[in-house]
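Position in the sequence shown counted from 1, then plus 244, gives you this note's numbering. Contents: one structure, followed by commentary.
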Amino acid sequence: MKKVLKIGFDLDGVILYNPVRIFRPLAKKFLKPIKASFLHQNKDSFYFPNSLFERWLWKILHKTSFRINTGYDDIKKLSKNKKIKMYLITGRYSFLGQDYHTWLKKISAKKTFIKCYYNKQNKQPNQFKEDMIKKLKLDIYVEDNWDIIEKLNHHTKAKIFWLTNILDRNIPYQLKFFSLLEVCRYLKKLV
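This is the structure:
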């Protein structure tokens, strides 16, 4: 008998469709140097909004995750398979908790995922995800952010599936997918 496959999914850009994620490579190229100079922040760390105004802007930015991604119905069906345990793990900071819980209800998360986690302690998103992948002993984690994938590949044993976008598509990576549907088709072959 095969062991149960433990799979984690990111929320924004994976379970939720977020068209703005396409521009992440451009933001990385042009905004990271500015971040280091003007915000006095390590250019390799993820931005944490401290002021009320910054948090308000961050909440607005997260509204770009505006609908459930195509393929989520297939993920829900796949979650019924006893050979799979699915978890939702998002790097969203604590002040986004209300919106996070609203989305959990909209996607009927309790029916699909064994458990759902968000970054209540406001760790760096990659560190939070790394900690959860190790704690849950995940076999697979599905992520859309290339910077996080690079970090997770060096610090976890899990296979990291990349839900890529049109601007990043030329980056060579073995476990690269262009849609959540494609991820689901691949997962079906594993069980």
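For glycine and all other residues, C-beta sits at the position ideal for the given N, C-alpha and C.
Status (buried if at least 16 other CB within 10 Å, exposed otherwise) for D256:
By the 10 Å Cβ count, D256 comes out buried.
Have a look at the DSSP bridge pairing and note the partners of G252.
Its beta-bridge partners are Y331, Y385.
Please list, in chain order, all residues of the same chain as I417 whose beta carbon is under 6 Å from its beta carbon, the five residues on each side excluded.
It should be pointed out that residue 417 corresponds to Tyr in this sequence rather than to Ile. Excluding positions up to five away in sequence, the list reads W406.
Thinking I328 and V248 are a contact (beta carbons under 8 Å), I'd like their distance in whole angstroms, please.
Going by Cβ atoms, the distance from I328 to V248 rounds to 7 Å, so yes, they are a contact pair.
Take G252 and list the residues in its own chain whose beta-carbon comes closer than 6 Å to its own, dropping the five residues that flank it on each side.
If we look at G252 and ignore the five residues flanking it on each side, its Cβ neighbours are Y331, I333, L382, Y385.
Cβ pair A211, I377 closer than 9 Å
Any answer about residue 211 is impossible in this case: the structure gives the chain only from 245 up to 435.
Where W347 falls, given that 16 or more other Cβ within 10 Å makes a residue buried:
Only buried fits W347, as 16 or more other CB atoms lie within 10 angstroms of its CB.
Neighbour flag for Y337 against chain D, beta carbons, 9 Å
Going by chain labels, chain D is absent from the structure shown, which holds only one protein chain.
Tell me, please, whether the region 385–401 touches the region 351–365 by the rule of three or more beta-carbon pairs shorter than 8 Å.
Because the criterion of three Cβ pairs below 8 Å is not met, the region 385–401 and the region 351–365 do not touch.
For E374, which option in Y362, E394, T400, N366 has the closest C-alpha, if you only look at C-alpha atoms?
Per the C-alpha coordinates, the member of Y362, E394, T400, N366 positioned closest to E374 is T400.
According to the neighbour-count rule (16 or more other Cβ atoms, all chains shown, within 10 Å of its Cβ), is H306 buried or exposed?
H306 is classed as buried because its beta carbon has at least 16 other beta carbons within 10 Å across all chains shown.
Can you grab the Cα-Cα spacing for the pair L322 / Y316, in whole Å?
Here the alpha carbon of L322 sits roughly 10 Å from the alpha carbon of Y316.
Give a yes or no on whether the C-beta atoms belonging to K350 and I312 are separated by under 9 Å.
Cβ atoms of K350 and I312: closer than 9 Å.
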